[in-house]
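**Student:** Mind the numbering: the sequence shown is residues 27 to 92 in my numbering, read in order. Here it is, the structure, as structure tokens.
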Amino acid sequence: MDDRLTELETRITFQDGTIGELNDIITRQQGEIDRLVQALELLKEEIRQLAHGPMVSAADEPPPHY
């Protein structure tokens, strides 16, 4: 009986450590996801601005300087 109890306690201790490690990983990944979502939103806004910005034709561009 004591051996079984010791085995269960060992498993629980190991599982608690694993759960803590997984929680740390998930927390870091969520932070990374948040940063990526923010960067994506900024890029989407830049694309919107470029798409709706003034269109310059090749005829309107100044000639290259020599």
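Just so it is clear, CB atoms sit at the ideal spot from N, CA and C, and this is done for glycine as well.
1. Can you tell me whether ASP86 is helix, strand or coil according to DSSP?
2. Classify GLY57 as helix, strand or coil using the three-state DSSP reduction.
3. If you run the structure through DSSP and keep just helix, strand and coil, what is GLY79?
**Tutor:** According to the data block:
1. In the sequence shown, counting from the first residue as 1, residue 86 sits at position 60. It is coil, neither helix nor strand.
2. For the purposes of this step, residue 57 is identified with residue 31 of the sequence shown, where counting begins at 1. Helix at GLY57.
3. Position 53 of the sequence shown, counting from 1, holds the residue named residue 79. Correct three-state label for GLY79: coil.
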